[in-house]
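A quick write-up on the structure given underneath.
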Amino acid sequence: MIPDTTILNTKTVAEIVRMGYTRIPVYSDGDKNNVTDILFVKDLALLDPDDNFTVKTVCGYHKHPVKFVFNDTPLSILLEAFKKGEGHLAMVKKLNEDEEHDPTYELVGVVTLEDIVEEILQVIQI
């Protein structure tokens, strides 16, 4: 994950590429539960690092929607959504219900199309 205030200079872009991921969740307001965008590494290809754009600026231009699912969503439902073109990555959230406070959502993970395919292949091998 990366904050939306990150400056995309030469060093930062090199670190992003070195990580090896193609999609990176972007959060706002310093709150990792507040994922607002997905940064595609390919969106950085034509970017001039000397322009010092922020992640928020790049994401605002490309506007890749964030898909959210609940932690109890069956993988078959998520696979169908991915097959329909609703991205290859979903942020997994969980409802926290506390009697003393209002219910809140907590980000508990990420699931990718690759994760689902690996799970299917493991089931087939068994």
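Residues in the sequence shown are numbered consecutively from 1, following full-length UniProt numbering. A virtual CB, placed ideally from N, CA and C, is assigned to each residue, including glycine. These figures come from a predicted structure and were not determined experimentally.
Under a three-way DSSP split, which group does residue 73 fall into?
Here residue 73 corresponds to residue number 73 of the sequence shown, with the count starting at 1. It is coil, neither helix nor strand.
Could you compute how far the alpha carbon of residue 122 sits from the alpha carbon of residue 47?
Locating residue 122 in the sequence shown gives position 122, where the first residue counts as 1. Locating residue 47 in the sequence shown gives position 47, where the first residue counts as 1. Distance between the alpha carbons of residue 122 and residue 47 is about 39 Å.
To the nearest angstrom, how far is it from the Cα of residue 44 to the Cα of residue 13?
Looking up residue 44 in the sequence shown gives position 44. Looking up residue 13 in the sequence shown gives position 13. Using only the alpha carbons, I get a separation of about 8 Å.
Using three-state DSSP, classify residue 95 as helix, strand or coil.
Taking the sequence shown and counting its residues from 1, one reaches residue 95 at position 95. Residue 95 falls in the strand class under three-state DSSP.
Whose C-beta lies closer than 8 Å to the C-beta of residue 5 among residues of the same chain, with five residues either side of it excluded?
Residue 5 sits at position 5 when you count from the first residue of the sequence shown. The answer, listed in chain order, is 54, 55 and 56.
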